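Numbering (numbering that gives the first Met the number 0), first residue to last: 0 to 159.
Just below is one structure, and these are the notes that go with it.
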Amino acid sequence: MESESHLDRYDRKILEIIQTDASLSNQDIADQIGLSASPCSRRIKSLEDRGYIQRRITVVNPKSVNLNLTAILNIRMDKHTPERFENFEQRVAMLPEVIECLLVTGQDADYQLKVVVPDMDEYHNVLLKNITTIEGVDGVHSSFLLRQIINHKALPLKYI
């Protein structure tokens with residue numbers, strides 16, 4: 000394998016394959032890239048240890064588990080202090096309905112949240128009982144997904 004900071008063609012191919020299907024066995028991955036199982040396993044472990052692979056997850060269909068409403072919330076904070084931001088981030092991290100939280104710039108918001116809930120009533124509860132009660136939240140603008148066009152797209156690896 001190349002130096003610790005570089006990826007060779009086998010490493011890149013492993014990343015491409017597991018981004019598409021993380022449930023594949025080590026043997027399946029090894030077969031696809033043309034290595035035996037042991038070297039493939041060592042490469043995957045190395046990619047994990049070096050931080051290229053953060054985690055492997057299973058993507059659940061939201062509608063199959065009664066999460067029929069997805070909201071995008073733009074959150075404006077009253078003060079731009081490290082303490083305010085840290086408190087906000089800790090509080091939203093504890094909410095299972097918040098599946099994504101981004102600190103953003105270039106718009107009238109500081110954070111963008113992606114929230115999944117069964118329906119509008121539950122969204123109302125999460126918003127009023129959990130999000131707007133966080134100290135420093137000064138404004139919330141909500142948008143609702145009508146249809147998801149692209150989801151779970153693999154990262155483009157041509158830049159490494």
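The beta carbon of each residue, even a glycine, is placed where N, CA and C say it ideally should be.
The structure displayed is predicted, hence computed values, not measured ones.
Query	Result
Per-residue burial, M93 [other beta carbons within 10 Å of its own, 16 or more giving buried]	exposed
Alpha helix (DSSP H) segment containing H123, residue limits	M119 to V125
Straight-line Cα distance separating N124 from V64	19 Å
S45 versus I149: straight-line alpha-carbon distance, rounded	30 Å
Candidates R42, T19 and Q18: closest to A29 by CA position	R42
CA-to-CA distance, K128 to L101, given in whole angstroms	21 Å
Of the residues G50, P95 and R75, the one placed nearest L66, counting alpha carbons only	P95
Reduced DSSP secondary structure (H/G/I, E/B, other) of A70	strand
Anticipated Cβ contact below 8 Å, R11 with L156, distance rounded	6 Å
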